[in-house]
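Scroll down for the structure; my scribbles are underneath it.
Number of protein chains: 2
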Amino acid sequence: MAERRIVILTEGRTIPTSAKTASCVIRYKPNEVVALLDSTQAGRTSGELLGVGGAIPIVAKLADAPPANTLLIGIAPAGGKLPEPWRKVLLEAIDRGMNLWSGLHDFLSNDPEISAAAAKKGVEIHDVRKNNERDVSNRLNLREDCLRIHTVGQDCSVGKMLASVELTLGLKKRGYDAKFIATGQTGIMVEGDGCPVDCVVSDFVNGATEKLILANQHHDILLIEGQGSLSHPRYSAVTLGLLHGCVPQGMILVYEAGRKNVHGMDYIPLPPLKKILEVNEMMASLAMPSKVIGVAMNSRLLTPDDAEAERERVRRELGLPVCDVIRHGPDELVDAIIAYQKKLFPHLAARAG
Amino acid sequence: MAERRIVILTEGRTIPTSAKTASCVIRYKPNEVVALLDSTQAGRTSGELLGVGGAIPIVAKLADAPPANTLLIGIAPAGGKLPEPWRKVLLEAIDRGMNLWSGLHDFLSNDPEISAAAAKKGVEIHDVRKNNERDVSNRLNLREDCLRIHTVGQDCSVGKMLASVELTLGLKKRGYDAKFIATGQTGIMVEGDGCPVDCVVSDFVNGATEKLILANQHHDILLIEGQGSLSHPRYSAVTLGLLHGCVPQGMILVYEAGRKNVHGMDYIPLPPLKKILEVNEMMASLAMPSKVIGVAMNSRLLTPDDAEAERERVRRELGLPVCDVIRHGPDELVDAIIAYQKKLFPHLAARAG
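Listed in order, the protein sequences are those of chains A and B.
Count the first sequence with numbering that gives the first Met the number 0 and you get residues 0 to 352, in order.
Count the second sequence with numbering that gives the first Met the number 0 and you get residues 0 to 352, in order.
The following block contains the structure:
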């Protein structure tokens, strides 16, 4: 793949919760991103609005951006549909010879106008969610001493992907053979492989996840990105298929401090953290004994003092290690994973560290 | 729709567990079925092999069947793929001017050879699982006093659809306004409407189920067909999406007496019935308070004496009404549903009975 020089489309929604895909691509591929496209915020910077990406400029139109060869859709709207006003922008990008990357459920390559324009101009369309998974899970041939750690969440958009990536990087830094297993469009854009499980036909979610595990279990530790929540009114099907497909021995519970209601459904309260932990342990253990071994706190909205108080409160309440992988760094949870590996598979502990 | 005269394809698998779709269509549409097509069992009858359908003949080839205008695929193989040897039979049926009904995941209408032949001959292809569901659940506008009863199971192929249909018929016979909500290909073939939730993209399973509820909640009691099991290694994603999409106030637990291992995965033991009950109540109650109010026992493999003993044992173990809706009739569970409606919505109790 030629080097990407990416403009990320975040029109009207350059805020951390909506522009989740944008934020993550900027965080992990900062050298590939040349601009954000949001006519409502032109002149400002990515760092100002998203807290990542420093001086990467926000521009009003493609013509104002530095030279680029890729337009990447940087938000993931509920339902995954293409907002109609964006069509013009996509067609303009194609006209400028840019490739398109999209994580929408509505595949750009299935859109007659867009795919015809792309074919005519010879540009590529990457529909990251497109798949034709048709295999069921068999729960056979799992490597016994591959440690599968799954990030499970209180809700959507709490930071499961971020925690998974940061823990993988933390383990690698300590010499462990760890691999991030991407299960959503943003993770796949960052990692370059994975499976968009939320776009798999429901009968095959468990099977598609299992295939990811089988393909990667030559690594000693897998950090499998969670999706949604077992209590999520909309997406719990995805969450449980993923949990039962990756059969984790251990889980990291991810939550956002201060969040009271379901993301995008503020009339539905979230269950208490302790309940979410119990439900995950119960459902995971239907497949094999599994427990939550640590908590990744997203303390984005808290002051430093409040974040420390919250961390201590949750440590006491759940009796588990707790950290914000961005604010505090991932070390406390990395330690917990290493200790868990040592406990379950002592013969592997000597390999690194 | 013109009257169907159906030949059901069950080649090599005319046994109750494999020919689930066939058995159910024969049970509920006996006047539409003219023959079964299974070259390995020609000369025998549906009644002998499936226990339903009496003298409906089994024939070796289409030319041996009574006049028919429809070929219906009567099995649901794991993975939903079309067994390659059947292609010839389907093409012959098309050539004879027969319409096709299929519940496979591999859509016949997407198969170039089959769809071209059908178009040429002017026959219809009904891919019952085909859908383009793209709506998320909102959990709004649910009719408060519509009683939603969901059949949940110990495993696949235990009789959830059968229990749902028989309970609906039992309630109607007592004058209640009940409706069977089909969620799988067989149920849809029997009922004429519904949603094939196991073929919906996983992000939209909860939403597709909710749409079914919203469209039918003018009925007082809905009997929503369950799929798989919350502990099923392969299909738990479907099961939970369905459970959270239909937000039942009550559940009927369906199991097969004597089954020890997961259907088709005999190396994986089933959890105890009591555990399955607890897991279902816990997961359903994340959405709204919900409990199991009765047990539908499938005692197919038991002698009458053993069936009575098993029924008593489970009644005592779980403290719930128990019956085999076929062997005993559905009355004990119909009574339980009526009593539950009276308890939750006393103002509706006077409407029927």
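We put the beta carbon where it would ideally sit given N, CA and C, even for glycine.
Computed from a predicted structure; not experimentally measured.
Are the CB atoms of residue i and residue j nearer to each other than 8 Å?
| i | j | result |
| --- | --- | --- |
| R3/B | T44/B | no |
| N297/A | A335/A | no |
| E132/B | G206/B | yes |
| L71/A | I55/A | no |
| M250/A | K290/A | yes |
| I25/A | G42/A | no |
| I49/A | P15/A | The residue you asked about is not Ile; residue 49/A is Leu in the sequence shown. In this structure, P15/A lies closer than 8 Å to L49/A by Cβ. |
| S201/A | S38/B | no |
| I292/B | C245/B | no |
| A177/B | D192/B | no |
| D134/B | K19/B | no |
| F179/B | E190/B | yes |
| Q248/A | L343/A | yes |
| L161/A | V324/A | yes |
| V6/A | A64/A | yes |
| S108/A | K87/A | no |
| L139/A | A116/A | no |
| L229/B | V261/B | no |
| Y234/A | C155/A | yes |
| I124/B | S136/B | no |
Check whether chain B comes within 8 Å of residue i, counting only Cβ atoms and requiring the distance to be less than that.
| i | result |
| --- | --- |
| I267/A | yes |
| D197/A | yes |
| A75/A | no |
| S156/A | no |
| L343/A | no |
| M287/A | no |
| R233/A | yes |
| D202/A | yes |
| V33/A | no |
| H125/A | no |
| H149/A | no |
| M281/A | yes |
| V355/A | With chain A running from 0 to 352 in the structure shown, residue 355/A is simply not present. |
| H243/A | yes |
| A236/A | yes |
| R138/A | yes |
For residue i, is the classification buried or exposed, using 16 other Cβ atoms within 10 angstroms of its Cβ as the cut-off for buried?
| i | result |
| --- | --- |
| G328/A | exposed |
| K60/B | exposed |
| M282/A | buried |
| Y266/B | exposed |
| T9/A | buried |
| P320/A | buried |
| P232/A | buried |
| T13/A | buried |
Measuring only between beta-carbons, confirm whether residue i sits less than 8 Å from chain A.
| i | result |
| --- | --- |
| N205/B | yes |
| V291/B | no |
| P270/B | yes |
| R258/B | no |
| A59/B | no |
| L239/B | yes |
| M188/B | no |
| A181/B | no |
| R142/B | no |
| V135/B | yes |
| R12/B | no |
Assuming residue i and residue j are in contact, meaning their beta carbons sit under 8 Å apart, how far apart are those beta carbons, in whole angstroms?
| i | j | result |
| --- | --- | --- |
| Q340/B | L146/B | 5 Å |
| V196/B | G240/B | 7 Å |
| I223/A | I148/A | 7 Å |
| A295/B | G183/B | Not quite, the Cβ-Cβ distance comes to about 16 Å (not below 8 Å), so this is no contact. |
| M188/B | G102/B | 7 Å |
| Y175/A | D219/A | 6 Å |
| G152/A | Y254/A | 7 Å |
So if I threshold CB-CB distances at 7 Å, which residues from the segment 207-234 of chain B count as touching chain A? Cβ contacts with chain A: S230, P232, R233, Y234.
Contact list for the segment 98-119 of chain B against chain A, Cβ threshold 9 Å: Residues are counted here when their Cβ sits less than 9 Å from a Cβ of chain A; for the segment 98-119 of chain B these are H104, D105, given in chain order.
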